[in-house]
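*Asks:* What follows is a single structure, and I will ask about it in a moment.
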Amino acid sequence: MKQKPLENEHVIVHSFTSGDWRDLRDIALSNAASDFAYCDEQWPTDEESIKGMADYLATNDSMSAIYAKDIDKVVCFVNFNRITDEKYLDIGHVMNLEFAGRGYEYEGLRLLYKFAFETMEIDGIRSYWAFDDKVKLEPLMKLGMKVTRKFQNNYFGGKKGTFTGCELKVSREEFYKG
Numbered sequence: 038m039k040q041k042p043l044e045n046e047h048v049i050v051h052s053f054t055s056g057d058w059r060d061l062r063d064i065a066l067s068n069a070a071s072d073f074a075y076c077d078e079q080w081p082t083d084e085e086s087i088k089g090m091a092d093y094l095a096t097n098d099s100m101s102a103i104y105a106k107d108i109d110k111v112v113c114f115v116n117f118n119r120i121t122d123e124k125y126l127d128i129g130h131v132m133n134l135e136f137a138g139r140g141y142e143y144e145g146l147r148l149l150y151k152f153a154f155e156t157m158e159i160d161g162i163r164s165y166w167a168f169d170d171k172v173k174l175e176p177l178m179k180l181g182m183k184v185t186r187k188f189q190n191n192y193f194g195g196k197k198g199t200f201t202g203c204e205l206k207v208s209r210e211e212f213y214k215g
């Protein structure tokens, strides 16, 4: 997303900068401590690795930061993964759970979904996550996404076990109707 930042009164969605490393570390630490840590890849959290990750993210056009104005902090990482054969944009994101439920995630994703529909030739947006993670799913549902499929998935990071995952989708029409 190397174009101008997207903004509303609460959040700014922008490309990462190398200076975002502390907030990125907080997002990684939150992800590692969540009840659903084994449902996602974990990032390194040591200072050298996270600084390197922030440097990399600053060069990658498919990754965005959601910055919360009132707390002066990047609270969410968003990745435009790929466009599927059915012309759905696969978007993933990781939220700093300390700030979940305050609307930042919803506001930032709403700006990004609108941007994607206006600038990309897509018919919809999809995402995958753990079906039981209501905190993560709530803003997605508020954006008009619906669970279209549930499935069993292995835990990440070598831990033994499975979780119920789900695919969520919203079409262009459903997004603008909501």
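Numbers given in my numbering equal positions in the sequence shown, counted from 1, plus 37. Ideal Cβ positions, reconstructed from N, Cα and C, are used throughout, including at glycine.
1) Consult DSSP for Tyr143 and reduce its assignment to one of helix, strand or coil.
2) Between which residues of its own chain and Met157 is the CB-CB distance below 8 Å, once the five residues before and five after are set aside?
3) How about Val48 and Gly145: are their beta carbons less than 7 Å apart?
4) With burial defined as no fewer than 16 other Cβ atoms inside 10 Å of the residue's Cβ, what is the status of Lys206: buried or exposed?
5) Please name the residue, chosen from Cys76, Gly161, Phe212, Leu180, that lies closest to Asp122 on a Cα-to-Cα basis.
6) Is the Cβ-Cβ distance between Phe188 and Gly202 less than 7 Å?
7) Answer yes or no: does any C-beta atom of chain D fall closer than 7 Å to that of Asp57?
8) With a CB to CB cut of under 6 Å and the five nearest residues on each side skipped, what residues in its chain are close to Phe73?
9) Count the other CB atoms within 10 Å of the CB of Pro81; is the residue buried (16 or more) or exposed (fewer)?
10) Please report the distance separating the alpha-carbon of Lys110 from that of Leu66.
11) Can you list, in chain order, the residues of its chain with a C-beta nearer than 8 Å to that of Ser55? Leave out the 5 residues immediately preceding and following it.
12) Taking Ile108 as the reference, give the member of Lys179, Phe136, Ser101, Leu149 with the closest Cα.
13) Met38 by DSSP, collapsed to three states: which one?
14) Thr142: buried (16+ other C-beta within 10 angstroms of its C-beta) or exposed?
15) Measuring only the C-alpha atoms, how far is Leu174 from Asp60?
16) Can you give the Cα-Cα distance for Asn238 and Gln79, rounded to whole angstroms?
17) I believe Phe152 touches Val131 by the beta-carbon criterion, under 8 Å. Please report the beta-carbon distance rounded to the nearest angstrom.
18) Is it true that the CB of Leu148 sits closer than 7 Å to the CB of Ser71?
*Replies:* If we stick to the structure as given:
1) Here residue 143 corresponds to residue number 106 of the sequence shown, with the count starting at 1. Helix at Tyr143.
2) Residue numbering aside, residue 157 sits at position 120 when the sequence shown is read from its first letter. Only Ile120, Leu126 meet the Cβ criterion.
3) Stepping through the sequence shown from its first residue, residue 48 is reached at position 11. Stepping through the sequence shown from its first residue, residue 145 is reached at position 108. At the C-beta level, Val48 and Gly145 come within 7 Å of one another.
4) As a working note, residue 206 is residue 169 in the sequence shown. With 16 or more other Cβ atoms within 10 Å, it is buried.
5) What you label residue 122 is simply residue 85 of the sequence shown in a count that begins at 1. Cα-wise, what sits closest to Asp122 is Gly161.
6) What you label residue 188 is simply residue 151 of the sequence shown in a count that begins at 1. What you label residue 202 is simply residue 165 of the sequence shown in a count that begins at 1. In this structure, Gly202 lies closer than 7 Å to Phe188 by Cβ.
7) In the displayed structure, chain D is absent; only one protein chain is listed.
8) Residue numbering aside, residue 73 sits at position 36 when the sequence shown is read from its first letter. Only Ala167, Asp170 meet the Cβ criterion.
9) As a position in the sequence shown, residue 81 is number 44, starting the count at 1. Exposed: under 16 other Cβ atoms inside 10 Å.
10) In the sequence shown, residue 110 corresponds to position 73, counting from 1. In the sequence shown, residue 66 corresponds to position 29, counting from 1. Straight-line Cα distance between these residues: approximately 15 Å.
11) Sequence index remark: in the sequence shown, residue 55 carries index 18 (1-based). Closer than 8 Å at Cβ, skipping near neighbours: Lys88, Ala91, Asp92, Ala95.
12) Along the sequence shown, one-based indexing puts residue 108 at 71. Looking from the CA of Ile108, the closest CA among Lys179, Phe136, Ser101, Leu149 belongs to Phe136.
13) One-based indexing of the sequence shown puts residue 38 at position 1. Unreliable positioning characterises Met38 in this predicted model, as indicated by a pLDDT of 47, which lies under 50. A coordinate reading is not provided.
14) Counting from one through the sequence shown, the residue named residue 142 turns up at place 105. The amino acid at residue 142 is misidentified as Thr; the sequence shows Glu. By the 10 Å Cβ count, Glu142 comes out buried.
15) Here residue 174 refers to the residue found at position 137 when the sequence shown is read from its first residue. Here residue 60 refers to the residue found at position 23 when the sequence shown is read from its first residue. Rounded to whole angstroms, Leu174 to Asp60 spans 22 Å at the Cα level.
16) Residue 238 cannot be examined here, being either before or after the span of the chain that is shown, 38 to 215.
17) For the purposes of this step, residue 152 is taken as the residue at position 115 of the sequence shown. For the purposes of this step, residue 131 is taken as the residue at position 94 of the sequence shown. Phe152 to Val131, Cβ: 19 Å. No contact.
18) Locating residue 71 in the sequence shown gives position 34, counting from the first residue. Locating residue 148 in the sequence shown gives position 111, counting from the first residue. Result no, Cβ atoms of Ser71 and Leu148 do not sit closer than 7 Å.
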